[in-house]
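In the numbering used here, the protein residues as written are 540 to 805.
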């Protein structure tokens with residue numbers, strides 16, 4: 540996944556506006572628009588950096604959702620003059636008030652890469668090596684291990700979902716809050732093969748696990764309220780994929796039997 544650098548300068552867009560965004564996200568809003576370049580791809584990793592006076596550095600991270608769109612400029616004077624800018628919706632999984640201190644400061648960033656952070660516009664693509672090193676530091680600094688899954692959705696705190704959905708991995712398996720409650724009950728070991736990511740990969744694997752929905756989609760009515768304890772089970776990505784190789788999906792017990800039967804051949 541490519542990574543891009545979004546920018547915030549309090550001299551151009553006030554802290555009050557930023558705090559409003561943070562409040563909207565905390566209230567459950569899935570995405571907020573941020574200035575970017577026209578070519579910013581969907582599903583791109585983004586880091587948010589503070590520019591201007593005072594402490595500079597990274598204070599937010601997330602993923603772009605959808606294509607960039609043109610809208611009136613964020614600066615009121617520019618907008619009044621008829622100017623526009625490109626924005627992209629961002630799903631922030633971490634966004635802090637930088638006035639309380641950025642999480643990765645400019646000195647650390649310059650140690651990672653001498654020029655990648657001098658973005659002239661919001662939405663600049665980061666060099667792969669710089670993005671990779673920043674991701675590691677960011678995860679260590681913010682405790683983000685296992686917090687982002689490529690197939691997650693972020694509904695609010697209400698677990699009433701729509702009718703059955705014809706996708707290979709259903710949406711109930713991508714509900715972050717439901718996943719957290721499932722893992723809190725059943726732990727982070729795979730329910731099929733017992734694989735535990737932290738035991739193999741160390742801290743970077745802490746709390747990483749997929750969840751599998753036990754109820755067949757054919758049994759889901761018009762409205763359905765997912766029960767994270769009784770309807771979901773933690774499974775590793777490999778076993779999760781194997782469960783969904785059949786339609787309807789294999790049961791946990793069926794796949795466990797296959798692992799016991801053929802696992803000795805590995």
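Quick reminder that beta carbons are idealized off the backbone N, C-alpha and C, glycines included.
In the assembly as shown, residue 567 is an exposed residue. Its beta-carbon has fewer than 16 other beta-carbons within 10 Å. Separation of residue 573 and residue 655 (C-alpha to C-alpha, rounded to the nearest whole angstrom) is 20 Å.
Judged by DSSP in its simplified three-state form, residue 669 adopts helix. Counting the other Cβ atoms within 10 Å of the Cβ of residue 600 gives 16 or more, which makes it buried. The continuous stretches of beta strand (DSSP E) do not include residue 657, and DSSP gives it neither H nor E.
If the five residues before and after residue 609 are omitted, its C-beta is found closer than 6 Å to the C-beta atoms of 623 and 625, all from its own chain and listed in chain order. When DSSP assignments are scanned along the stretch 545 to 609, the uninterrupted stretches of beta strand (DSSP E) that are 3 or more residues long and fall wholly within it turn out to be 571 to 574 and 584 to 589.
Its Cα nearest to that of residue 607, the residue 578 stands out among 562, 592 and 578. Here residue 749 carries a strand assignment [DSSP, helix/strand/coil].
Taking residue 734 as reference, the option from 723, 746 and 771 with the minimal CA-CA separation is 746. A Cβ-Cβ distance of about 7 Å is found for the pair residue 561 and residue 636, placing them in contact under the 8 Å criterion. For the set 650, 548 and 605, the Cα lying nearest the Cα of residue 592 is the one of 548.
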